[in-house]
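Residue numbers (my numbering): 4 to 129.
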């Protein structure tokens, strides 16, 4: 599972960084956008399974299967219009902490700003 998560993170972090550098909301944080993190997770999980349960010399086959699973899952999601489930916006901003979340940056209006700030803070401490 750790290998699959590492594969998903390495596959999606480039797009996250690109979106932040271009001052756009990162697609990975919005379930209404196209699905691309789950296909990366499925492909890396398929690759890790072949390496774990198959013969140790099946490296090329494992990578090929992971690539194929990723592409096929992404194409299926794109062609069928599959999206992750989402919550209505009015339900997200309810509660006592909704207005005081980050008033100086309006994080309740643009949640990607808070996520970007958290990612930058985590990178700075690492």
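For every residue, glycine included, the Cβ atom is placed at its ideal position computed from N, Cα and C.
Since this is a predicted model, take the numbers as computed values, not measurements.
Query: Residue nearest to residue 18 in terms of C-alpha spacing, selected from 51, 39, 57; Result: 39
Query: Per-residue DSSP class, three states only, for residue 103; Result: Bear in mind that the predicted position of residue 103 carries a pLDDT of just 46, short of 50, making it unreliable; the figure below should be weighed with that in mind. Note: residue 103 maps to coil in three-state DSSP.
Query: Residues near residue 21 by beta carbon distance below 7 angstroms, same chain, minus five either side; Result: none
Query: Sufficient close CB pairs (3 or more, under 8 angstroms) joining the stretch 74-91 to the stretch 37-51; Result: yes
Query: Cβ contact (3+ pairs, closer than 8 angstroms) linking the stretch 66-74 and the stretch 40-52; Result: yes
Query: 7 angstroms CB neighbourhood of residue 53 in its chain, flanking five on each side removed; Result: 61, 64, 65, 68
Query: DSSP three-state assignment for residue 36, whether helix, strand or coil; Result: coil
Query: Close Cβ partners of residue 10 (< 6 angstroms) along its chain, the five nearest in sequence each way excluded; Result: 47
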